[in-house]
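Number of protein chains: 2
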Amino acid sequence: MADLELAVSTVILALLPGSCPTAVNAASPAGPTGERPADALRLHLPLVRRTREPFAERWALPGGWVTPDERLSSAARRTLEETTGLRPSYLEQLYTFGAPRRSPTGRVVSVVYTALVRAPEAADVEVGENVRWAPADALAETVGDLAFDHAEIVDYALWRLRTKVSYAAIAQHLLGELFTLAELRHVHEAVLGKPLDPANFRRTAVASGSVEATEHVQTGAAHRPARLYRAVLPPGGAAGGYPPWQSRPELG
Amino acid sequence: MADLELAVSTVILALLPGSCPTAVNAASPAGPTGERPADALRLHLPLVRRTREPFAERWALPGGWVTPDERLSSAARRTLEETTGLRPSYLEQLYTFGAPRRSPTGRVVSVVYTALVRAPEAADVEVGENVRWAPADALAETVGDLAFDHAEIVDYALWRLRTKVSYAAIAQHLLGELFTLAELRHVHEAVLGKPLDPANFRRTAVASGSVEATEHVQTGAAHRPARLYRAVLPPGGAAGGYPPWQSRPELG
DNA sequence: CCAAAAGTGTTTCATTTACACCCATGT
DNA sequence: ACATGGGTGTAAATGAAACACTTTTGG
Numbered sequence: 092m093a094d095l096e097l098a099v100s101t102v103i104l105a106l107l108p109g110s111c112p113t114a115v116n117a118a119s120p121a122g123p124t125g126e127r128p129a130d131a132l133r134l135h136l137p138l139v140r141r142t143r144e145p146f147a148e149r150w151a152l153p154g155g156w157v158t159p160d161e162r163l164s165s166a167a168r169r170t171l172e173e174t175t176g177l178r179p180s181y182l183e184q185l186y187t188f189g190a191p192r193r194s195p196t197g198r199v200v201s202v203v204y205t206a207l208v209r210a211p212e213a214a215d216v217e218v219g220e221n222v223r224w225a226p227a228d229a230l231a232e233t234v235g236d237l238a239f240d241h242a243e244i245v246d247y248a249l250w251r252l253r254t255k256v257s258y259a260a261i262a263q264h265l266l267g268e269l270f271t272l273a274e275l276r277h278v279h280e281a282v283l284g285k286p287l288d289p290a291n292f293r294r295t296a297v298a299s300g301s302v303e304a305t306e307h308v309q310t311g312a313a314h315r316p317a318r319l320y321r322a323v324l325p326p327g328g329a330a331g332g333y334p335p336w337q338s339r340p341e342l343g
Numbered sequence: 092m093a094d095l096e097l098a099v100s101t102v103i104l105a106l107l108p109g110s111c112p113t114a115v116n117a118a119s120p121a122g123p124t125g126e127r128p129a130d131a132l133r134l135h136l137p138l139v140r141r142t143r144e145p146f147a148e149r150w151a152l153p154g155g156w157v158t159p160d161e162r163l164s165s166a167a168r169r170t171l172e173e174t175t176g177l178r179p180s181y182l183e184q185l186y187t188f189g190a191p192r193r194s195p196t197g198r199v200v201s202v203v204y205t206a207l208v209r210a211p212e213a214a215d216v217e218v219g220e221n222v223r224w225a226p227a228d229a230l231a232e233t234v235g236d237l238a239f240d241h242a243e244i245v246d247y248a249l250w251r252l253r254t255k256v257s258y259a260a261i262a263q264h265l266l267g268e269l270f271t272l273a274e275l276r277h278v279h280e281a282v283l284g285k286p287l288d289p290a291n292f293r294r295t296a297v298a299s300g301s302v303e304a305t306e307h308v309q310t311g312a313a314h315r316p317a318r319l320y321r322a323v324l325p326p327g328g329a330a331g332g333y334p335p336w337q338s339r340p341e342l343g
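These protein sequences, in sequence, are chains L and G.
Residues in the first sequence are numbered consecutively from 92, following this note's numbering.
Residues in the second sequence are numbered consecutively from 92, following this note's numbering.
And the structure:
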């Protein structure tokens, strides 16, 4: 039980334009599935290039070792900030991966978190030789095979996000404080990968109680101004039926 | 990253008659002669009494240390069998708990699994001075405070089971190979804690495709014999939309 | 005025819920 | 025969999808 190391890794997701200047991409010519507008928002995640064996030069999820006196979630936040400078607005434990041969150098058990960051903060990442954004749905084409089992981890994180976004109010963590319902709908569309009816989305969004209208409106566009909304946190109690301890600040 | 130990614990759930906390009298294995006990079925879980500090004499979840060359799920199965003799029909990772002060003796990170066992196998547990079944919804009243944060873990496992049983076909793992739809409904009722309409439950259960009728019927009861059903595993592919790697045997 | 997107209303369809009713068996 | 739970039918209620339509801005 001692011949074993504990790490944390994080799948951080942000919504960036597909032709984002910071994202080094050459894979945007009208591909086989390229029904997207050129500047459509797509889920991206930051990757770090490994500088040491194993998997030197390969891209990997941000992460690091767990120190003895910090929470697992704190370790995720710390390593995330150390490697990318990001401070996510949403952080949730995803799964713990611990297959014996995940790492060729020895037994490593990784507690993996999923994080969401708002677009403004995502722009603060210092992209460079060893840090870059990559589109979540085309990792292999843009950065090749990820280190370790990280490609599998990303797939699972995306699956979970897709299933969860349909019943939990988490998409708001990918936007700024104020947003239009069209923007929120774009987030859902990018996550789910399919268009949504604007009218029906509006109704379900406001009926869910997860957003509230403000008195502000968005001006400057060549059409009727859209009202700005704000995310409303779920009631502190357990009414929502979510995990009992999710209402408390953090755990684990 | 070395001053830290990795453990697995398991919340094992079985459906047992509520009145006799320790005496296990399960329905006959595959025989259609399963008589229904007068009292309702309730979720129970096996606990082990700690023989050493910390928390000596207190009841705790079965578990143990992870060895360097076994999967996390294998560690869960092994420790479960070592402590209780149980081999669960369903095993799923629940969450990883790693708060710094969980254990007073040092940093322990626990990967917790949820397991379901069928009533016949649950009867094989050797109940004794240091192993006992306790009703899941009344742990404090029957066994007092659990060791460590295990009470919190059980609460979370129950919450997850309740939410998952409504959309995933897992309740069947608490029954034998053949079961009536009334028995399956009793499982759902015990998990959800509320009565369900027999007619509607029947329709949704068969429409979901998670059960298939057999040619056997259950005789011996003072009413019309009930048809016996069998669980049908979800299609091997990813059609169901479940985690990609859940279709493979195991991971992590 | 026109284009474009915000926002509202309504119709249609599918699913869930409630409950009446028949069926088959042991006593 | 009758009590009991198994099993079927059906209509009301709820909710999701589709789409026509009105509103409000910039050009």
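Just so you know, even glycine gets a beta-carbon here, dropped at the ideal spot from N, CA and C.
What in chain L is Cβ-close to G:L97, meaning under 7 Å?
Working through the second sequence from its first residue, we reach residue 97 of chain G at position 6. Those within 7 Å of G:L97 in chain L are M92, L95, L97 and V200.
Under three-state DSSP, which class holds G:L287?
As a first step, residue 287 of chain G is located in the second sequence; it is residue number 196 there, counting from the start. Coil at G:L287, not helix or strand.
Residues bridged to G:H135 [DSSP beta-bridge criterion]
By 1-based counting over the second sequence, the position of residue 135 of chain G is 44. BP columns for G:H135 point to G:A105 and G:P226.
Cβ-Cβ separation, L:S164 to L:L351 (assumed contact under 8 Å), whole Å:
No answer is possible for residue 351 of chain L: it lies beyond the span of chain L, which begins at 92 and ends at 343.
Span of the alpha helix (DSSP H), counted from its first residue to its last, around G:A242
The residue you call residue 242 of chain G lines up with position 151 of the second sequence. Element bounds for G:A242: H241 to V256.
Cutting at 7 Å between CB atoms, please list the residues of its own chain near L:P123, excluding the five before and the five after it.
Your numbering for residue 123 of chain L matches position 32 in the first sequence. Its pLDDT being 35, under 50, L:P123 is placed unreliably in this model, and the value from its coordinates should be taken loosely. Excluding its 5 nearest sequence neighbours in each direction, L:P123 has no C-beta neighbour in its own chain below 7 Å.
With a threshold of 7 Å (Cβ to nearest heavy atom), would G:V234 be considered close to the ligand NAD?
With respect to small molecules bound, the structure shown includes none, and the ligand NAD cannot be examined in it.
Helix, strand or coil for L:L171, going by three-state DSSP, please let me know.
To locate residue 171 of chain L, count along the first sequence from 1; it is residue 80. Residue state, collapsed to three classes: helix.
With 8 Å as the threshold, decide whether the Cβ of L:E173 is near any Cβ in chain G.
Taking the first sequence and counting its residues from 1, one reaches residue 173 of chain L at position 82. It does not; no Cβ of chain G falls within 8 Å.
In whole angstroms, what is the alpha-carbon distance linking G:V323 and G:A238?
Stepping through the second sequence from its first residue, residue 323 of chain G is reached at position 232. Stepping through the second sequence from its first residue, residue 238 of chain G is reached at position 147. Distance between the alpha carbons of G:V323 and G:A238 is about 38 Å.
Could you pull out every residue in the same chain whose Cβ sits closer than 6 Å to the Cβ of G:L95, ignoring the five residues on either side in sequence?
The residue you call residue 95 of chain G lines up with position 4 of the second sequence. Only R198 meet the Cβ criterion.
Do G:S180 and G:R209 have their C-beta atoms closer together than 8 Å?
For the purposes of this step, residue 180 of chain G is taken as residue 89 along the second sequence, with counting starting at 1. For the purposes of this step, residue 209 of chain G is taken as residue 118 along the second sequence, with counting starting at 1. With contacts defined as CB atoms closer than 8 Å, G:S180 and G:R209 qualify as a contacting pair.
What do you get for G:D236, buried or exposed, if any count of 16 or more other CB atoms within 10 angstroms of its CB means buried?
As a working mapping, residue 236 of chain G is identified with position 145 in the second sequence. It is exposed - the Cβ of G:D236 has fewer than 16 other Cβ atoms within 10 Å.
Any C-beta of chain L under 8 Å from that of G:L324
Numbered from its first residue, the second sequence carries residue 324 of chain G at position 233. It does not: the Cβ of G:L324 has no partner Cβ on chain L nearer than 8 Å.
Sort L:E172, L:L287, L:T271 and L:A298 by Cα distance to L:A312 and report the nearest one.
Looking up residue 312 of chain L in the first sequence gives position 221. The shortest C-alpha separation from L:A312 is found at L:T271.
Please return the same chain residues whose Cβ sits closer than 8 Å to the Cβ of G:E144, not counting the five positions on each side in sequence.
In the second sequence, the residue the question calls residue 144 of chain G occupies position 53. Hits under 8 Å: T196.
Flag G:D160 as yes if its beta-carbon sits less than 8 Å from any beta-carbon of chain L, otherwise no.
Here residue 160 of chain G refers to the residue found at position 69 when the second sequence is read from its first residue. By this cut-off, G:D160 is an interface position.
Per DSSP, what kind of secondary structure is G:V99 in: helix, strand or coil?
Indexing the second sequence from 1 puts residue 99 of chain G at position 8. In the displayed model, G:V99 falls within a strand according to three-state DSSP.
Minimum C-alpha distance to L:R169 - residue among L:V218, L:P137, L:E232 and L:V99:
The count along the first sequence starts at 1 and reaches residue 169 of chain L at position 78. Closest option to L:R169, Cα to Cα, is L:V99.
Let me check one thing: in DSSP terms, what residues is L:L185 bridge-paired to?
Position 94 of the first sequence, counted from the start, is the residue given in the question as residue 185 of chain L. According to DSSP, which records beta bridges pairwise, L:L185 is partnered with nothing at all.
Candidates L:S299, L:L171 and L:L249: which alpha carbon is nearest L:P153's?
Position 62 of the first sequence holds residue 153 of chain L. Comparing Cα-Cα distances from L:P153 to each of L:S299, L:L171 and L:L249, the minimum goes to L:L171.
Helix, strand or coil at L:H307 according to DSSP, with G and I counted as helix:
Translated into the one-based positions of the first sequence, residue 307 of chain L becomes position 216. Three-state result, L:H307: strand.
How about L:L265 and L:L207: do their beta carbons lie closer than 8 Å?
Indexing the first sequence from 1 puts residue 265 of chain L at position 174. Indexing the first sequence from 1 puts residue 207 of chain L at position 116. Contact: yes.
Contacts around G:P316, its chain only, beta-carbon distance under 6 Å, and the 5 residues preceding and following it disregarded:
The count along the second sequence starts at 1 and reaches residue 316 of chain G at position 225. Cβ neighbours of G:P316 beyond the five flanking positions: V308, Q309 and T310.
Taking 6 Å as the limit between beta carbons, can you name the residues of its chain near L:P112, skipping five residues before and five after?
Here residue 112 of chain L refers to the residue found at position 21 when the first sequence is read from its first residue. Caution applies to L:P112, whose pLDDT of 40 falls short of 50 and renders its modelled position unreliable; the model cannot decide the point.
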